[in-house]
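>
In our numbering, the protein residues as written are 1 to 138.
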């Protein structure tokens, strides 16, 4: 019985060794994916990042200009952002609305994304800094 456990442990050790060996650490990547699988925040951010061409509405473009921000500044890396599920509308059948919060320049920015499942389209509908108003009327 002890011999089986030793053989089993040796097999696990070899598997971990081969997964972590090489130019890219597959063990680290796979372990992160398995751990974050049940985290809703990570899953939503993954789907928003998966949309390669995030479309901006006219209102979002106007708000970017009023805050003197570039598209690249806001959308470059939203993987560290948080989804506010209490303000989001995830019950809609056509397009789900997610409010994503991210700190930019020591201010909390709220971005409103539309995630449409049928055509896998991601739209940035609006954005705003907390306790600030933009010059856009829409």
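Ideal Cβ placement from N, Cα and C applies to all residues, glycine included.
(1) Would you tell me roughly how many angstroms separate the C-alpha atoms of residue 81 and residue 102, rounded to the nearest one?
(2) With a Cβ-Cβ cutoff of 7 angstroms, do residue 129 and residue 111 count as a contact?
(3) Run through DSSP, which three-state label would residue 135 get?
(4) Compute the beta-carbon to beta-carbon distance between residue 114 and residue 95, rounded to the nearest angstrom, for a pair I have assumed lies under 8 angstroms.
(5) Just to confirm the assignment: which complete alpha helix (DSSP H) runs, minimum length 4, are found wholly within the segment 26-71?
(6) Pull up the distance between the alpha-carbon of residue 71 and that of residue 64, whole angstroms please.
Quick look at the numbers:
(1) Residue numbering aside, residue 81 sits at position 81 when the chain shown is read from its first letter. Residue numbering aside, residue 102 sits at position 102 when the chain shown is read from its first letter. Distance between the alpha carbons of residue 81 and residue 102: 5 angstroms.
(2) Position 129 of the chain shown, counting from 1, holds the residue named residue 129. Position 111 of the chain shown, counting from 1, holds the residue named residue 111. Cβ atoms of residue 129 and residue 111: not closer than 7 angstroms.
(3) If you number the chain shown from 1, residue 135 lands on position 135. Correct three-state label for residue 135: coil.
(4) The residue given as residue 114 occupies position 114 in the chain shown. The residue given as residue 95 occupies position 95 in the chain shown. Confirmed, about 5 angstroms.
(5) For the segment 26-71, the full-length alpha helix (DSSP H) segments reaching 4 residues or more read 26-36, 40-50, 58-66 along the chain.
(6) Translated into the one-based positions of the chain shown, residue 71 becomes position 71. Translated into the one-based positions of the chain shown, residue 64 becomes position 64. Spanning the two alpha carbons is a distance of roughly 7 angstroms.
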